[in-house]
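Chemist: One structure, pasted below without further comment.
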Amino acid sequence: MTKPPPSRDRNPGKLEELGRHVRSLLALYAAASCLVVARPAFAQAVAPPPTSVEYVQYGVSLHTLTLLDGGAVCPDKAPTPCILGSGGGLGLRMGYRSRGPFYLGAAFQLSRLNSSNLLRLGIQQRLTAEGRYYFDRGNRLTPYLSAALGGALYGNEFSATAGGIAFGLGVGLEYQISERTVVTLLPAYQPILFRRFRDTTGQERAAGPLDFGLAHWLAVQVVIEVRDPLSRW
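In structure tokens:
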């Protein structure tokens with residue numbers, strides 16, 4: 106009787122190499138599993154404790170403004186272009202941060218806007234009271250809701266050609282980079298209800314109901330703030 110040919114699967118070298126690959130994959134999977142399990146504990150270890158004291162919180166901001174709609178300030182049938190546009194600028198803010206989730210303060214915002222060459226330097230100034238509600242869970246990254254109410258002026262350089270009531274509503278994301286310093290990204294809807302006025306060309310603007318006109322902007326702000334703890338009474 107003739108002997109059957111040796112099987113190709115019975116190759117010790119290939120089997121040993123395959124075993125090494127399997128062991129390597131198992132070791133890699135085990136290491137990845139350990140990292141996944143350990144990650145929450147690590148995050149808890151580096152997370153700062155929840156706010157347990159009161160602070161004075163103040164800082165500066167840079168922002169962009171995108172005009173969503175000029176409304177009655179920029180009537181469609183007007184022979185002149187819109188005196189309002191997009192732009193950007195800087196801001197100052199200061200307020201009180203409570204032990205709980207609340208912040209109350211004030212913010213000043215200075216913006217240069219595109220005025221379609223109707224003004225030499227179109228400047229918008231906003232001064233508003235600001236309130237925040239923080240969803241604080243003791244982590245470095247904390248979301249919050251922001252609301253603002255105040256007044257605004259707009260004109261050539263720092264003169265006041267127009268004025269109105271300023272509003273604001275936004276959703277911020279605050280990151281604590283040190284014990285005292287935080288940085289925030291804050292997109293916000295910022296409308297202004299302008300009182301009726303005439304521009305330098307004689308064009309009547311904001312001639313809507315009750316002689317008001319609403320213009321709408323989307324602001325994106327990057328804020329850096331410092332916290333100073335208040336002494337206990």
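So for the sequence shown, our numbering puts the first residue at 106; every next one is plus one.
For every residue, glycine included, the Cβ atom is placed at its ideal position computed from N, Cα and C.
A quick note: this is a predicted structure, and the numbers were derived from the prediction, not measured.
Who are the Cβ neighbours of V287 in its own chain at under 6 Å, not counting the five residues just before and after it?
Modeler: E279, Q281, E330
Chemist: In chain order, which continuous runs of the beta strand (DSSP E) of length 3 or greater are located wholly inside the region 235-307?
Modeler: 246-261, 267-281, 286-300
Chemist: DSSP on P186, reduced to helix/strand/coil?
Modeler: coil
Chemist: Just verifying my parser: in three-state terms, what is the DSSP assignment at A311?
Modeler: coil
Chemist: In terms of residue numbering, what span does the beta strand (DSSP E) encompassing S401 cover?
Modeler: Since the displayed the chain opens at 106 and closes at 338, residue 401 lies outside it and no answer follows.
Chemist: My output table needs one value for V158: the three-state DSSP class, helix, strand or coil.
Modeler: coil
Chemist: Would you please state the rounded distance, in angstroms, between the beta carbons of A320 and V178? I believe it to be under 8 Å.
Modeler: 5 Å
Chemist: Once DSSP output is grouped into helix, strand and coil, what is the label at F147?
Modeler: Model confidence at F147 stands at a pLDDT of 39, short of 50, so the residue's coordinates are unreliable and nothing is read from them.
Chemist: Counting pairs of Cβ atoms below 8 Å between the region 204-212 and the region 167-185, do you hit three or more?
Modeler: At 8 Å Cβ cutoff, the stretches do not touch.
Chemist: Can you give the beta carbon distance from H168 to Q229, rounded, assuming they're within the 8 Å contact cut?
Modeler: About 11 Å separates the two Cβ atoms, so there is no contact after all.
Chemist: So Q295 and S166 are supposed to be a Cβ contact under 8 Å. How far apart are they, rounded?
Modeler: At roughly 13 Å, the Cβ-Cβ gap does not stay under 8 Å, so Q295 and S166 are not in contact.
Chemist: Around the C-beta of G243, are 16 or more other C-beta atoms found within 10 angstroms, so that it is buried, or is it exposed?
Modeler: exposed
Chemist: Between R300 and G269, is the Cβ-Cβ spacing less than 8 Å?
Modeler: yes
Chemist: Can you pull the DSSP bridge partners for V327?
Modeler: L167, L290
Chemist: Can you tell me the Cα-Cα spacing of G200 and V161, whole angstroms?
Modeler: 6 Å
Chemist: By a C-beta neighbour count over all protein chains shown, 10 Å radius and 16 as the cutoff for buried, is R237 buried or exposed?
Modeler: buried
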